[in-house]
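Q: Below is a structure I'd like to ask you about.
Protein chains: 4
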Amino acid sequence: MFEGIYTPVLTPFAEDGSIDYEKMKHNLDKWSATALAGIVVLGSNGEFVYLTEAEKVDLVGFCIEHFHEDKKIIVGTSYESTAETIRFSKLVGEMGADAVLVLPPHYYKGSMTEAALEAYFQEVADQCPVPVMLYNMPPNTGINLSSALVARLSNHPNIAGIKDTAGDIVQLAEIIRDAKQPFSIFAGNAGFLLPALTLGANGATVALANILPEDCCRLMTLVQDGKWEEARRLQLNLLQVNHLVTRGIGVAALKVAASYMGYEGGLPRKPMIPLNVKDREKVEGALKEYLVTR
Amino acid sequence: MFEGIYTPVLTPFAEDGSIDYEKMKHNLDKWSATALAGIVVLGSNGEFVYLTEAEKVDLVGFCIEHFHEDKKIIVGTSYESTAETIRFSKLVGEMGADAVLVLPPHYYKGSMTEAALEAYFQEVADQCPVPVMLYNMPPNTGINLSSALVARLSNHPNIAGIKDTAGDIVQLAEIIRDAKQPFSIFAGNAGFLLPALTLGANGATVALANILPEDCCRLMTLVQDGKWEEARRLQLNLLQVNHLVTRGIGVAALKVAASYMGYEGGLPRKPMIPLNVKDREKVEGALKEYLVTR
Amino acid sequence: MFEGIYTPVLTPFAEDGSIDYEKMKHNLDKWSATALAGIVVLGSNGEFVYLTEAEKVDLVGFCIEHFHEDKKIIVGTSYESTAETIRFSKLVGEMGADAVLVLPPHYYKGSMTEAALEAYFQEVADQCPVPVMLYNMPPNTGINLSSALVARLSNHPNIAGIKDTAGDIVQLAEIIRDAKQPFSIFAGNAGFLLPALTLGANGATVALANILPEDCCRLMTLVQDGKWEEARRLQLNLLQVNHLVTRGIGVAALKVAASYMGYEGGLPRKPMIPLNVKDREKVEGALKEYLVTR
Amino acid sequence: MFEGIYTPVLTPFAEDGSIDYEKMKHNLDKWSATALAGIVVLGSNGEFVYLTEAEKVDLVGFCIEHFHEDKKIIVGTSYESTAETIRFSKLVGEMGADAVLVLPPHYYKGSMTEAALEAYFQEVADQCPVPVMLYNMPPNTGINLSSALVARLSNHPNIAGIKDTAGDIVQLAEIIRDAKQPFSIFAGNAGFLLPALTLGANGATVALANILPEDCCRLMTLVQDGKWEEARRLQLNLLQVNHLVTRGIGVAALKVAASYMGYEGGLPRKPMIPLNVKDREKVEGALKEYLVTR
Chain U
0 MFEGIYTPVL TPFAEDGSID YEKMKHNLDK WSATALAGIV VLGSNGEFVY
50 LTEAEKVDLV GFCIEHFHED KKIIVGTSYE STAETIRFSK LVGEMGADAV
100 LVLPPHYYKG SMTEAALEAY FQEVADQCPV PVMLYNMPPN TGINLSSALV
150 ARLSNHPNIA GIKDTAGDIV QLAEIIRDAK QPFSIFAGNA GFLLPALTLG
200 ANGATVALAN ILPEDCCRLM TLVQDGKWEE ARRLQLNLLQ VNHLVTRGIG
250 VAALKVAASY MGYEGGLPRK PMIPLNVKDR EKVEGALKEY LVTR
Chain H
0 MFEGIYTPVL TPFAEDGSID YEKMKHNLDK WSATALAGIV VLGSNGEFVY
50 LTEAEKVDLV GFCIEHFHED KKIIVGTSYE STAETIRFSK LVGEMGADAV
100 LVLPPHYYKG SMTEAALEAY FQEVADQCPV PVMLYNMPPN TGINLSSALV
150 ARLSNHPNIA GIKDTAGDIV QLAEIIRDAK QPFSIFAGNA GFLLPALTLG
200 ANGATVALAN ILPEDCCRLM TLVQDGKWEE ARRLQLNLLQ VNHLVTRGIG
250 VAALKVAASY MGYEGGLPRK PMIPLNVKDR EKVEGALKEY LVTR
Chain F
0 MFEGIYTPVL TPFAEDGSID YEKMKHNLDK WSATALAGIV VLGSNGEFVY
50 LTEAEKVDLV GFCIEHFHED KKIIVGTSYE STAETIRFSK LVGEMGADAV
100 LVLPPHYYKG SMTEAALEAY FQEVADQCPV PVMLYNMPPN TGINLSSALV
150 ARLSNHPNIA GIKDTAGDIV QLAEIIRDAK QPFSIFAGNA GFLLPALTLG
200 ANGATVALAN ILPEDCCRLM TLVQDGKWEE ARRLQLNLLQ VNHLVTRGIG
250 VAALKVAASY MGYEGGLPRK PMIPLNVKDR EKVEGALKEY LVTR
Chain W
0 MFEGIYTPVL TPFAEDGSID YEKMKHNLDK WSATALAGIV VLGSNGEFVY
50 LTEAEKVDLV GFCIEHFHED KKIIVGTSYE STAETIRFSK LVGEMGADAV
100 LVLPPHYYKG SMTEAALEAY FQEVADQCPV PVMLYNMPPN TGINLSSALV
150 ARLSNHPNIA GIKDTAGDIV QLAEIIRDAK QPFSIFAGNA GFLLPALTLG
200 ANGATVALAN ILPEDCCRLM TLVQDGKWEE ARRLQLNLLQ VNHLVTRGIG
250 VAALKVAASY MGYEGGLPRK PMIPLNVKDR EKVEGALKEY LVTR
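As given, the protein sequences belong to chains U, H, F and W, one line each in that order.
Numbering that gives the first Met the number 0 puts the first residue of the first sequence at 0, with every later residue one more than the last.
Numbering that gives the first Met the number 0 puts the first residue of the second sequence at 0, with every later residue one more than the last.
Numbering that gives the first Met the number 0 puts the first residue of the third sequence at 0, with every later residue one more than the last.
Numbering that gives the first Met the number 0 puts the first residue of the fourth sequence at 0, with every later residue one more than the last.
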């Protein structure tokens, strides 16, 4: 059972486009010292699609070596082909990952019927040496994992949960209602963290936890302690910064925000473009205002 | 300030297509005896687009005459043209409506810029003798009222609130954060009633309250009393019936469900088609199961 | 059988919001003197959704009285309810309309299944005293009439054709392939007039014909005369002005363009907003350039 | 300048999931003997997203070795990262590819602004040793290359053209109107081949040319010879088979159709699922009917 707040760690790049491991180490040390339950390596916020496989393996190894040994490490292992996803999942499982996070294949949207998706996840879960977390991310993939499909998949003994970034709170509620227990249901965006927890979600894997990990953890603690009004105010306060670093602008904004908060964001990798001055000011202004009012 | 649970009342039609006022009276009596704060007449669930203006006026008059005099009546007054919406809003205001519920005009989606929508609502609110509630209903209109637009409109002294059926819980949270108080924020679908209340919504106007008014009211009371776990279970239990009578099938299913629950659903009006046997069984089966487990 | 180029006539409004019949007369006289096969009254470009029924009846009567008696008049008669569409179709049929143009009902998008739409059009066609043209207009209605549905409906003896504004050229080709002859297939936007004619369309009902009727007619003549290279150049030349008066800006731009071309556009009716200076210059600039290069 | 009909070659897989080079050879020999101007290797129909880089290199080498030496070979070289696309484009350029076909990066849809996309294609074109063809494929990528962006990119001396699978015939017309010559504009789906050619497209790269290469070439010849009525009939006849092997079902159907037509389709690679019996019969039935009536 996975619980608590995870952050899908960003990958800082140097001017020459290489992974900046010094910055990565700095960040891993900081996240290790927080209340975070764990990290996700090679998630969307980690720009995994821009990394070669050699870089992926190096980065996973580095995180396993340097992140707090008592906290969990989940690794994104998605490829379009079933065979590749299985191969890479086995590899990171052997390296020591606690679980893998797997997107639906999504290039051939018309061919990815529920039957095809179900067979894919079943086969990956059958062969993966560590638990599989489903990763529902329609804004990036153009494919939604329906609550009915997720409920069916929850019966697989090696499918441990879902990170749901879809933002459809009714669908999330249906998953909570229907999934076979134990099944870890994680909010995938801090914009709906409180609603998800209210309905019974077990945790979250959210970009915002890169830069405000303690605040995300505190929101969860407030709910556990029944301090609903404080939780409500915190949720509303978090919205604006969260919007900018996710749906509003995205990873490039998250990196600027990270640097502002004492982490090392580094640069995004091309084709992603670094923030222009105006957007940088918007992100830093939102953070400044948040820090004053929290 | 509007608060509590409202039901957007269905309009029962007879075999010959006319409004069945006997059935309407039966339902109004039953709703009057519940904890509902009020009703919405001429909402989407009332099939307002299928009524002639003469029928609309008759129906509003009938509801004002027969619904509990201490409860509120909100009337849907949307037309595509500004002038018509104002004219009809004045009329129902004079008839005794407590407020009007107004959709964005939506036929010319490309022309309905935020500027056009803002001017529309401002002008309607300027001239309407009773408070205006905004009605955000993207599934039917294809137009979304952004949280920024709603926040601007909340400054108008005669715009009293919003019924938000969009289902984007983050957007709803932004409205709660940004609207100028007092501003009544109503969930527009019972599928996200608990999340909305958790974030600070003031009430709801939901189709489900036609058939399960006390259960909807109870969910709100549970939240007010801090009984979160009971509220959570009730929310999850309500999902399936709610799905069928709203997004899953719609008004025709709501009418069948109403009849099953001791209300008088009557028939939908053409071109809407009554439920086939299979869907009828699905709706009744879901209700039966809900009643057993609640 | 309907053939040739029709224009869905704009409705000029005066400063006080009333229909400006003097301007309407001016335009009808000019259109009468062109090669247009006919006009459509109460189409989308005529802002039909902003007119009261009394205004609709007056306007239809005025057009029948003043438009060229040897040309055809098709009238838009769409209401959401089956009964209202039939009632109004009968009325304009008795007034002398040559055909009616009917949208799918579209407020309850989830309930408007193919079965519901088919029953609707069948019943309207059964009872309408003049031929029915289907009107596929997804950008405004959010509903698409599939080629399979259109093909089935083409078997009804009183369904005479379709105006297809969807812009899916493959779907249009399928309709041409499958519809039971005779069936008049009209392009609904001048942006794809040449492709539609190449595939076998019988004509067009396009906004652009309000302001450049002869050019639209000439494109059709060029195709009939086998002058494909000239047709091709004309099609490409027409694109920019057409874009601005349809998908790019819309009816408000069409009215400005009309006035520039010697017609009387008048104002749009609220909530539609008249063009700002910048857009006005863009529209007039595009027309100026077109007139120089044609 | 690229002209004529290309086929984006399918990749036949064996039961064990490996590339079946014997089948590939069989197909290359057959395509070599047709009027096709060339082939595209590693296109969407080639399931390029399911191939490892080693397999991609092998396959490209195999095609260069075995395909007709006087015909052209275009290779799909898309990766999400700019650096990877450039690296692989250089590699296949050195191997002998005549051009590369490049998708917009599309995982971070929110970050792929026009500015980011323009910078991406400019940089790839700057560094690629052979001409670059843009590849607009919104159904798979969720990103559209606007006609304005394509027009700007057409100014780059090493951007040679576009394969446009979007199916928006107006957008295609705008590209034809605005692109700086020489610029090769290819229809990306046989469903709108005739409309595209009518407007001035230079050719096509279409899945259907895998199985009916001569018929696709004949359509182009008919247009060049001014035999419009024959072209029109051929276009309409091709629609149904084309629908099934592209938008209707997809690559798995294309493979079944290939085998039916004397090519060797082989199996799709997982997670794509082979056709079930019912769909197989539908595809074969459509082909049978086409062959009888052509």
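All C-beta atoms in this analysis are idealised placements derived from N, C-alpha and C, irrespective of residue type, glycine included.
Would the beta-carbon of S110 (chain F) fall within 8 Å of that of A165 (chain H)?
A: It is not a contact, given that the beta carbons lie outside the stated cut-off.
Q: Note down, in chain order, every chain U residue with its Cβ under 8 Å from the Cβ of M132 (chain W).
A: By Cβ distance, chain U contributes nothing, its closest Cβ being about 18 Å from M132 (chain W), past 8 Å.
Q: Please tell me whether A200 (chain H) and F185 (chain H) are closer than 8 Å, where the distance is taken between their beta carbons.
A: In this structure, F185 (chain H) lies closer than 8 Å to A200 (chain H) by Cβ.
Q: Looking only at C-alpha atoms, which of W:G202, W:H67, W:T112, W:E122 sits nearest to L221 (chain W)?
A: It is W:G202 whose Cα lies nearest to the Cα of L221 (chain W).
Q: Give the residues of chain W in contact with L249 (chain U), contact being defined as C-beta atoms less than 9 Å apart.
A: The sequence as given places Gly at residue 249 (chain U); Leu does not occur at that position. The contacting residues are Y107, G109, S110.
Q: Quick check for students: name the residue ranges of the alpha helix (DSSP H) that lie wholly in the segment 198 to 263 of chain U, counting only runs of 4 or more.
A: With a minimum length of 4 residues, the continuous alpha helix (DSSP H) runs that stay inside the segment 198 to 263 of chain U are 212 to 223, 227 to 242, 250 to 259.
Q: Find the nearest neighbour of V56 (chain H) within the set H:L253, H:S258, H:S88, judged by alpha-carbon distance.
A: Comparing Cα-Cα distances from V56 (chain H) to each of H:L253, H:S258, H:S88, the minimum goes to H:S88.
Q: Quick one: what's got a C-beta closer than 7 Å to T84 (chain W)'s C-beta in the same chain, skipping five residues either side?
A: So the list reads T76, S77, Y78, V101, V123, once near-sequence residues are dropped.
Q: Report yes if the CB atom of V205 (chain W) is closer than 8 Å to the CB atom of G187 (chain W), and no otherwise.
A: Yes, the Cβ-Cβ distance between V205 (chain W) and G187 (chain W) is below 8 Å.
Q: Answer with buried or exposed for S80 (chain F), where buried requires no fewer than 16 other C-beta atoms within 10 angstroms of its C-beta.
A: Looking at its Cβ environment, which holds 16 or more other Cβ atoms inside 10 Å, S80 (chain F) is buried.
Q: Can you give, in chain order, each stretch of the beta strand (DSSP E) that sits fully within the segment 97 to 164 of chain U and has at least 3 residues?
A: Counting whole runs of 3 or more residues, the segment 97 to 164 of chain U contains the beta strand (DSSP E) stretches 98 to 101, 131 to 135, 158 to 163.
Q: Name the residues in the segment 66 to 95 of chain W whose C-beta lies less than 8 Å from a C-beta of chain U; which are they?
A: Answer set for the segment 66 to 95 of chain W: E79, S80, T81, A82, E83.
Q: For chain W, check one thing: does any of its Cβ atoms lie closer than 8 Å to the Cβ of K330 (chain U)?
A: Residue 330 (chain U) lies beyond the stretch modelled for chain U, which goes from 0 to 293, so this question has no answer here.
Q: Are T140 (chain W) and P103 (chain W) touching if we call contact CB-CB under 8 Å?
A: Yes, the pair counts as a contact, with Cβ atoms nearer than the cut-off.
Q: Residues in its own chain within less than 6 Å of H67 (chain F) by CB, not counting five upstream and five downstream?
A: Excluding sequence neighbours, H67 (chain F) sits near S31.
Q: Have a look at M213 (chain H) and L211 (chain U) and give me their C-alpha separation to the nearest angstrom.
A: Here the sequence assigns Glu to residue 213 (chain H), which means Met is not the residue at that position. Near 41 Å, if we compare the C-alpha coordinates of L211 (chain U) and E213 (chain H).
Q: Rounding to the nearest angstrom, what Cα-Cα distance links M260 (chain F) and D177 (chain W) in this structure?
A: Distance between the alpha carbons of M260 (chain F) and D177 (chain W) is about 25 Å.
Q: Run the CB neighbour count on Q223 (chain U), radius 10 Å, all protein chains shown included, and call it buried at 16 or more, exposed below.
A: So Q223 (chain U) ends up on the exposed side.
Q: Taking only beta-carbon positions, decide if P273 (chain U) is within less than 8 Å of chain H.
A: It does not; no Cβ of chain H falls within 8 Å.
Q: Flag this pair as yes or no: are the beta carbons of N157 (chain U) and P130 (chain U) separated by less than 8 Å?
A: Contact: yes.
Q: How close, in whole Å, do the beta carbons of L144 (chain W) and N154 (chain W) come, if the pair is a contact with beta carbons under 8 Å?
A: Going by Cβ atoms, the distance from L144 (chain W) to N154 (chain W) rounds to 15 Å, so no, they are not a contact pair.
Q: For a cutoff of 8 Å on Cβ pairs, would you count E295 (chain H) as touching chain U?
A: Here chain H covers residues 0 to 293 and nothing more, so residue 295 (chain H) does not appear.
Q: Between the Cα of L237 (chain U) and the Cα atoms of U:L41, U:K287, U:M271, U:S258, which residue gives the shortest distance?
A: Closest option to L237 (chain U), Cα to Cα, is U:K287.
Q: Suppose the cutoff is 6 Å on Cβ atoms and the five residues either side in sequence are ignored; what does the same chain contact list for Y49 (chain U) look like?
A: Closer than 6 Å at Cβ, skipping near neighbours: R268.
Q: Let me know the secondary structure DSSP gives D19 (chain U) once reduced to three states.
A: Here D19 (chain U) sits in coil by DSSP.
Q: For V291 (chain W) versus L243 (chain W), is the C-beta spacing smaller than 8 Å?
A: Cβ atoms of V291 (chain W) and L243 (chain W): not closer than 8 Å.
Q: Taking C-beta pairs closer than 9 Å, name the residues in chain F that V48 (chain H) reaches, listed in chain order.
A: Chain F residues near V48 (chain H): Y78, E79, S80, P104, Y106, Y107.
Q: Residues in its own chain within less than 6 Å of S258 (chain F) by CB, not counting five upstream and five downstream?
A: Closer than 6 Å at the Cβ level, and outside the excluded window around S258 (chain F), lie G264.
Q: Given a threshold of 16 other Cβ atoms within 10 Å of its Cβ, counted over all protein chains shown, does N275 (chain U) qualify as buried or as exposed?
A: Result: exposed.
Q: Rounded to the nearest angstrom, how far is the Cβ of I38 (chain W) from that of V8 (chain W), given a contact under 8 Å?
A: Contact holds; Cβ gap of about 5 Å.
Q: Using a Cβ-Cβ cut-off of 6 Å (strictly less than) and excluding sequence neighbours within five positions of E229 (chain W), which residues of its own chain qualify?
A: Around E229 (chain W): L221.
Q: Under the three-state reduction of DSSP, which class applies to G187 (chain U): helix, strand or coil?
A: It is coil, neither helix nor strand.
Q: Look up P7 (chain W) in the DSSP assignment and give the residues it is bridged to.
A: Bridge partners of P7 (chain W): W:V39.
Q: Could you tell me if G295 (chain F) is buried or exposed, where buried requires 16 or more neighbouring beta carbons within 10 angstroms of its beta carbon?
A: With chain F covering 0 to 293 only, the question about residue 295 (chain F) has no answer from this structure.
Q: Return the Cβ separation of G92 (chain H) and C127 (chain H) in integer angstroms, given the expectation that the two are a contact with Cβ distance under 8 Å.
A: 6 Å between Cβ atoms; contact.
Q: In terms of residue numbering, what span does the alpha helix (DSSP H) encompassing G265 (chain F) cover?
A: G265 (chain F) -> no alpha helix (DSSP H), and no H or E assigned at all.
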